[in-house]
Amino acid sequence: METNLHEQNYDRRPIGISGLGGWLVLIQIGLYFTILLLSIQLFKYSLPVFSTDTWDALTSTQSEAYHPMWGPLLIFETVYNIIFLLFSVFILVIFYGKKRMFPRLMIIFYSVSLAIGIIDLALSYQIPIMRELEDGSSIRELLKSVIACAIWIPYLIKSERVQNTFIR
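Here the sequence shown is numbered in the numbering used here, starting from 1378 and rising by one per residue.
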């Protein structure tokens, strides 16, 4: 029996739930908030620190506020914010393109965010004034990151919607 190629079903859409709905909406909203918050962080706090007066006040050995860790910490945070801002935009583009690499990139995103949070906290605690000013907000942010990893990484691995949506 001869089969007409036009009669064959070449529709390879997944069976089951798919699409950018459900819990994926929360990931999408989170990416937009990340882009917004990183932009604010960069332009309001990180980049202005590199003005001559502020930079000298923190990194000059003659300054009262001097500590040898200020320079590395400020550079680390600024570079991280720039890279993660660009990475977040890239992930959002991949999200809308429903690319197969999206779940893996999001797992990297959440994991690296947690690791960077730990490193940043450890570096910050090397500066006595930063330890004194710590009001628990850094620890809360770190806990939020742990919770995000605990929720979203298993979801990205196990979700039928994720598996059926990101197939290109």
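Don't be surprised by glycine CBs; every beta carbon is placed ideally from N, CA and C.
C-beta atoms of residue i and residue j nearer than 8 Å
i: Leu1415; j: Phe1453; result: no
i: Ile1504; j: Trp1447; result: yes
i: Phe1461; j: Phe1472; result: no
i: Leu1498; j: Ser1515; result: yes
8 Å Cβ shell around residue i - same chain, five flanking residues per side excluded
i: Leu1469; result: Gln1405, Leu1408, Tyr1409 and Ile1412
i: Val1426; result: Trp1432, Leu1435, Leu1451 and Thr1455
i: Ser1428; result: none
Chain-order list of residues whose beta-carbon lies under 7 Å from that of residue i (same chain, five-residue window excluded)
i: Gly1393; result: Glu1537 and Asn1541
i: Ser1437; result: Tyr1443
Minimum C-alpha distance to residue i - residue among the options
i: Leu1482; options: Leu1451, Ile1534, Glu1441 and Ile1506; result: Ile1534
i: Phe1543; options: Arg1477, Asn1458, Phe1467 and Thr1455; result: Arg1477
i: Gln1418; options: Lys1521, Leu1401 and Thr1455; result: Thr1455
i: Val1523; options: Val1489, Leu1424, Tyr1422 and Glu1441; result: Val1489
i: Leu1450; options: Trp1432, Ile1485 and Val1539; result: Trp1432
i: Ile1530; options: Lys1521, Tyr1487 and Leu1498; result: Tyr1487
i: Lys1421; options: Gly1399, Gly1398 and Asn1458; result: Asn1458
Collapsed DSSP secondary structure at residue i in the structure displayed
i: Met1478; result: coil
i: Asp1512; result: coil
i: Gln1405; result: helix
i: Ser1395; result: coil
i: Tyr1443; result: coil
i: Arg1363; result: Missing from the structure shown is residue 1363; the chain here goes from 1378 to 1545 and no further.
i: Trp1529; result: helix
Residue interval of the alpha helix (DSSP H) (run including residue i)
i: Tyr1502; result: Unbroken run through Tyr1502: none, as it is neither H nor E.
i: Gln1540; result: Glu1537 to Thr1542
i: Ser1465; result: Trp1447 to Tyr1473
i: Gln1418; result: Note, Gln1418: premise wrong, no alpha helix (DSSP H); not H, not E.
i: Ala1434; result: Thr1429 to Thr1436
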